[in-house]
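Contents: one structure, followed by commentary.
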Amino acid sequence: MTFENDEARFWALLENAWAAVGPEANEVRAALAKRDLDEEAFDEAAVLEEHLDAVLASLRQACSELSSEELTALDRVVERKLHELDRQDVHEVTGGSDDGFLYARGFVLGLGREFYEAVSRDPRVAVADAECEALCYFFAHLHAERFGGFPGTGSGISRETATNAAGWA
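Quick note on full-length UniProt numbering: the sequence shown kicks off at 1 and runs consecutively.
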């Protein structure tokens, strides 16, 4: 598979996991991506954070039979997407320490493609203090549980904070 196919698979798996939590959370998620940027979104983010454990449990179940190669490919997608969000302009909105900013990017990614792309276009869409630590290494941890170690993505990039030189120039 190509990276584009792996990325499409990642987004589809994540959308299916969100579908499992019901329409109310998904309505909040869609509204958050399209909200008036002059309005605070702490309440909406808090509602969504409450659903993330269920979303990740559903995602875990959906990935329970994936091969080492498939989990590695999905981890590579997460790594790339977190790296792409590793930008000073995004950090200015979300705040956070090095780890906190990584987890904030995990929240952005965890809300799905629509929210991710909205934040990529305009970081003001992001929400301060909203985090999803578990997604940052989700597929790496699944891989370790099933196959005895973190996958080697071979990408040469990092999801850690301030490693995207172009984003901090």
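Heads up, the beta-carbon is just placed ideally off N, CA and C, and yes, glycines get one too.
What residue range is occupied by the uninterrupted alpha helix (DSSP H) comprising residue i?
{"i": "Y137", "result": "From DSSP, Y137 is part of no alpha helix (DSSP H); its letter is neither H nor E."}
{"i": "R159", "result": "Looking at the DSSP string, R159 is not in any alpha helix (DSSP H), and its letter there is neither H nor E."}
{"i": "V21", "result": "Here V21 belongs to no alpha helix (DSSP H), and DSSP marks it neither H nor E."}
{"i": "A166", "result": "It is not in any alpha helix (DSSP H) - A166 carries neither H nor E in the DSSP assignment."}
{"i": "G106", "result": "D98 to G110"}
{"i": "R113", "result": "R113 to R121"}
Can you tell me whether residue i is helix, strand or coil according to DSSP?
{"i": "P151", "result": "coil"}
{"i": "D89", "result": "helix"}
{"i": "S64", "result": "coil"}
{"i": "A41", "result": "coil"}
{"i": "N16", "result": "helix"}
{"i": "A33", "result": "helix"}
{"i": "T2", "result": "coil"}
{"i": "A54", "result": "helix"}
{"i": "D129", "result": "coil"}
{"i": "D75", "result": "helix"}
Counting contacts by CB-CB distance shorter than 8 Å, is residue i in contact with chain C?
{"i": "W11", "result": "The structure shown has no chain C; it contains just one protein chain."}
For residue i, count neighbouring Cβ atoms within 10 angstroms of its own Cβ and tell me buried if that reaches 16, exposed if not.
{"i": "W18", "result": "buried"}
{"i": "D75", "result": "buried"}
{"i": "F139", "result": "buried"}
{"i": "residue 177", "result": "Residue coverage of the chain in this structure runs from 1 to 169, which leaves residue 177 outside it and unanswerable."}
{"i": "E39", "result": "exposed"}
{"i": "D36", "result": "exposed"}
{"i": "G112", "result": "buried"}
Exercise. When the Cβ atoms of the stretch 89-98 are set against those of the stretch 13-33, are three or more pairs found closer than 8 Å?
Worked result: no
Exercise. Per the contact definition of three or more C-beta pairs closer than 8 Å, is the stretch 127-138 in contact with the stretch 3-10?
Worked result: no
For this session: Check whether the stretch 112-122 touches the stretch 146-166, taking contact to mean three or more Cβ pairs, one atom from each stretch, closer than 8 Å.
Result: no
Exercise. Would the stretch 149-167 and the stretch 65-80 be scored as touching if the rule is three or more Cβ pairs under 8 Å?
Worked result: yes
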